[in-house]
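Quick notes on the structure that follows.
Number of protein chains: 2
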Amino acid sequence: MVVKNQIKLIKSLQQKKCRIQQGLFVVEGVKVVQELLASAYKVYKVYSADSSVFDAVEGSEVVSQRELKQMSGLKNPNIVIGVFYIPQPKKVDFKDWVVVLDDVRDPGNLGTIIRLCDWFGIGQLVCSHNTVDCYNPKVLQATMGSITRVNLVYTAIGDFLGKSNVPVYGAFMDGHSVYRTKLPETGILVLGNEANGISKQVEALVTARVAIPQFGNQTTESLNVATATAILLSELRRG
Amino acid sequence: MVVKNQIKLIKSLQQKKCRIQQGLFVVEGVKVVQELLASAYKVYKVYSADSSVFDAVEGSEVVSQRELKQMSGLKNPNIVIGVFYIPQPKKVDFKDWVVVLDDVRDPGNLGTIIRLCDWFGIGQLVCSHNTVDCYNPKVLQATMGSITRVNLVYTAIGDFLGKSNVPVYGAFMDGHSVYRTKLPETGILVLGNEANGISKQVEALVTARVAIPQFGNQTTESLNVATATAILLSELRRG
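Structural data, given as structure tokens:
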């Protein structure tokens with residue numbers, strides 16, 4: 003049986019403030035818990051409603067479906083909840099491309115972008131302080147475990163870009179066609195907020211503006227930020 | 003005041019079965035209603051909680067916020083609900099690329115794919131009968147009005163592909179790198195279901211298997227279908 007305080011603690015990790023206070027985050031589902039256990043992430047505790055799953059993991063506990071439901075952030079909880087320590091981010095290295103996000107707010111978008119970075123072997127993802135927290139459960143749900151393979155750093159991106167010595171590419175509607183841009187081996191790629199794009203302060207630090215050309219009707223909206231990231235990372239890598 | 007039967011009718015359009023019965027669908031939000039009004043879609047009725055919006059539209063009605071809430075499928079309804087007739091799909095033409103979806107189930111994915119087709123000027127989107135309904139309110143929410151510029155056809159895609167005379171490209175994990183594939187001017191591009199990919203029956207009709215190469219860690223999951231579509235449509239168009 004799980005003590006009430008413990009249930010309260012796990013449940014509280016749905017909120018960013020509590021995650022920071024506790025230095026812990028929570029993930030749900032067998033597969034993603036397995037991926038985190040197999041990674042450098044340090045486990046705090048695994049709760050499983052099925053004794054045959056994770057019984058060999060140190061610090062794992064078999065719980066009732068009712069207890070799991072009390073801890074879960076999902077309407078229909080999975081059979082496993084894992085609680086892990088939030089790691090210290092590593093120093094950003096510039097040996098390869100670095101992706102920078104300027105206030106991406108939607109958890110699904112951030113999750114998809116992390117997954118894309120992983121797919122395309124981009125190991126460094128730098129986020130502005132107003133970008134949605136990567137340990138938000140909805141972000142983790144969308145990453146499918148990719149978060150274990152990408153170094154995520156939250157920082158004041160203005161300062162970060164100001165101190166960098168590599169070219170800074172920014173995605174803009176009115177930029178130069180990415181298809182006709184010769185991209186270097188390393189650099190920084192900046193993507194902006196869903197509604198407002200890249201902020202004025204960050205725009206001033208961009209050294210090259212790129213765009214994904216539109217082939218359809220010109221009345222169309224912009225591309226979604228995760229979709230644009232997919233195409234731009236593909237362009238970085240396709241050679 | 004809106005009569006009760008009318009409220010019941012609008013509310014019922016959240017369900018596919020009722021949409022088919024009535025030949026109507028519903029969208030919410032000023033911008034998307036405007037886009038549909040400006041298109042070839044035939045309007046049935048527009049309900050607005052703000053008399054200054056859409057008062058000039060024939061068949062528009064000012065309603066109370068309470069009535070709007072009763073008709074809406076959203077937790078926090080917008081100020082405008084538009085009801086439109088489901089159009090007859092046009093015959094698919096093969097002058098340009100045609101995208102085919104084999105049982106894409108997630109409304110957000112279909113919405114994003116419709117928006118991508120619009121961005122890249124792909125006018126023909128053919129869906130298997132088990133693909134999520136494009137008049138599902140969540141799909142419409144994700145398309146941002148792009149649905150007015152893409153011809154969507156639901157059909158038995160096995161028969162459709164069997165009768166087509168153009169090359170059929172399918173997206174597979176183990177396909178030939180799309181970056182090293184010479185793509186023709188016209189053809190069909192098939193994308194599969196989120197969990198199972200392209201079905202065996204459809205796979206047999208594919209004439210060329212393409213893949214988006216993975217650059218990161220080989221343990222990663224596949225790309226999300228909307229993300230894969232973004233990259234593949236970009237490859238079709240970039241030249």
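Those sequence lines, one after another, are chains A and B.
Be aware that the first sequence starts at 3, since it is given in the working numbering, and climbs by one per residue.
Be aware that the second sequence starts at 3, since it is given in the working numbering, and climbs by one per residue.
All C-beta atoms, glycine included, are put in the ideal place defined by N, C-alpha and C.
> Measuring CB to CB, does Val1(B) end up less than 7 Å from Gln126(B)?
Replying inline: Since the first and last residues shown for chain B are 3 and 241, residue 1(B) lies out of range.
> Whose C-alpha, out of Val28(B), Gly172(B), Ile115(B) and Val64(B), is nearest the C-alpha of Ile159(B)?
Replying inline: Of Val28(B), Gly172(B), Ile115(B) and Val64(B), the smallest CA-CA separation from Ile159(B) is found for Gly172(B).
> When DSSP labels each residue in this structure, what does Asn195(B) get in the three-state scheme?
Replying inline: The answer is strand: DSSP assigns Asn195(B) an E or B state.
> If you draw a straight line from the alpha carbon of Val134(A) to that of Lys44(A), how long is it in whole angstroms?
Replying inline: CA-to-CA, the gap between Val134(A) and Lys44(A) works out to about 22 Å.
> For Arg239(A), which residues in chain B fall below 7 Å Cβ to Cβ?
Replying inline: Chain B residues near Arg239(A): Phe217.
> Which of the residues in the region 110-124 of chain A, read from start to end, lie with their CB under 9 Å from any CB of chain B?
Replying inline: Those would be Gly110, Thr114, Arg117, Leu118, Cys119, Asp120, Trp121, Phe122, Gly123 and Ile124, in chain order.
> Considering only residues of the same chain and omitting the five flanking positions on each side of Ala232(B), which have a CB-CB separation below 7 Å?
Replying inline: Correct list, in chain order: Leu118.
>> If I follow the unbroken beta strand (DSSP E) through Gln72(B), where does it start and stop?
In response: From DSSP, Gln72(B) is part of no beta strand (DSSP E) but of the alpha helix (DSSP H) over Gln67 to Met73.
> Going by other Cβ atoms of all chains shown within 10 Å of its Cβ, with 16 needed for buried, is Asn167(B) buried or exposed?
Replying inline: Exposed.
> Just to confirm, are Leu163(B) and Cys136(B) a CB contact at a threshold of 7 Å?
Replying inline: Between Leu163(B) and Cys136(B), the C-beta spacing is not below 7 Å.
>> Among the candidates Glu30(B), Ala228(B), Val128(B) and Leu207(B), whose CA atom is the shortest distance from the CA of Pro169(B)?
In response: The residue with the shortest Cα to Cα distance from Pro169(B) is Leu207(B).
>> Taking 7 Å as the threshold (C-beta atoms), are Leu15(A) and Val5(A) in contact?
In response: No, they are not a contact pair.
> Helix, strand or coil: which one does DSSP assign to Glu2(A)?
Replying inline: Residue 2(A) is absent from the model: chain A starts at 3 and stops at 241.
>> Please identify the residue among Lys33(B), Pro109(B), Gln36(B) and Lys47(B) whose C-alpha is closest to the C-alpha of Gln8(B).
In response: Of Lys33(B), Pro109(B), Gln36(B) and Lys47(B), the residue nearest in Cα terms is Lys47(B).
>> For Val128(A) and Asn195(A), which I take to be in contact (beta-carbon distance under 8 Å), what is that distance rounded to the nearest angstrom?
In response: About 15 Å separates the two Cβ atoms, so there is no contact after all.
> Is the Cβ of Leu225(A) closer than 7 Å to any Cβ of chain B?
Replying inline: For Leu225(A), the answer is yes, since a Cβ of chain B falls inside 7 Å of its Cβ.
> Who are the Cβ neighbours of Lys92(A) in its own chain at under 6 Å, not counting the five residues just before and after it?
Replying inline: Excluding residues within five positions, the ones whose Cβ falls inside 6 Å are Asn153.
>> At 3 residues or longer, what runs of the beta strand (DSSP E) sit wholly inside the region 108-150 of chain B?
In response: You should have 126-130.
> Looking only at DSSP bridge pairs, what is Arg211(B) linked to?
Replying inline: Residue pairing by DSSP puts Arg211(B) in a beta bridge opposite Gly172(B).
>> Using only the alpha-carbon positions, how far apart do Phe96(A) and Gln203(A) sit?
In response: Taking the straight line joining both Cα atoms gives about 22 Å.
>> Checking 7 Å against the spacing of the C-beta atoms, do Gly123(A) and Glu37(A) come in under that value?
In response: Gly123(A) is not a Cβ neighbour of Glu37(A), given a cutoff of 7 Å.
>> Give me the chain B residues within the contact set of Ala232(A), using Cβ-Cβ distance strictly less than 7 Å, ordered along the chain.
In response: In chain order: Thr229, Ala232 and Ile233.
> From Asn80(A) to Glu30(A), what does the alpha carbon distance come to, in whole angstroms?
Replying inline: For Asn80(A) and Glu30(A), the distance between alpha carbons rounds to 6 Å.
>> Below 8 Å on the Cβ atoms is my contact criterion, and I expect Asp104(A) with Arg151(A) to pass it. Report the Cβ-Cβ distance as a whole number of Å.
In response: That pair is no contact at about 23 Å.
>> Quick check on this structure: which residue in Lys33(A), Glu69(A) and Ala42(A) has the alpha carbon closest to the alpha carbon of Lys10(A)?
In response: If we check each option's Cα against that of Lys10(A), Glu69(A) comes out closest.
>> Just verifying my parser: in three-state terms, what is the DSSP assignment at Gly177(B)?
In response: In this structure, Gly177(B) counts as strand in the three-state DSSP scheme.
> Going by beta carbon distance, what residues of the same chain come within less than 8 Å of Glu63(B), once the five residues before and after it are set aside?
Replying inline: Once the five neighbours on either side are set aside, the close Cβ partners of Glu63(B) are Val4, Lys47, Val48, Tyr49 and Ser50.
> Between Asp176(B) and Ala213(B), which are expected to be in contact by the criterion C-beta below 8 Å, what is the C-beta distance as a whole number of angstroms?
Replying inline: With 8 Å as the limit, Asp176(B) and Ala213(B) qualify as a contact, their Cβ atoms being about 6 Å apart.
> Listing by chain order, which chain B residues have their CB less than 7 Å from the CB of Ser201(A)?
Replying inline: The premise fails here: Ser201(A) is roughly 23 Å from chain B at the closest Cβ pair, so nothing lies under 7 Å.
> Given that Met146(B) touches chain A, what residues does it touch there, using C-beta distances under 7 Å?
Replying inline: Here the neighbours are Glu223.
> Can you tell me the Cα-Cα spacing of Asp52(B) and Asn198(A), whole angstroms?
Replying inline: So the alpha carbons of these two residues sit roughly 26 Å apart.
>> Quick test of your reading: Gln72(A) and Gly113(A), contact by CB under 8 Å. State the CB separation rounded to the nearest angstrom.
In response: Wrong, their Cβ atoms sit about 25 Å apart, outside the cutoff.
> What in chain A is Cβ-close to Arg107(B), meaning under 9 Å?
Replying inline: The contacting residues do not exist; Arg107(B) stays about 16 Å from chain A at best.
> Would you say Ser41(A) reaches chain B, if we count a Cβ-Cβ gap shorter than 7 Å as a contact?
Replying inline: Cβ-Cβ to chain B under 7 Å: no for Ser41(A).
> In angstroms, rounded to a whole number, what distance separates the CA positions of Arg182(B) and Leu39(A)?
Replying inline: Between the alpha carbons of Arg182(B) and Leu39(A) lies a distance of about 37 Å.
> Can you tell me the Cα-Cα spacing of Glu237(B) and Glu187(B), whole angstroms?
Replying inline: In a straight line, the C-alpha of Glu237(B) is about 12 Å away from that of Glu187(B).
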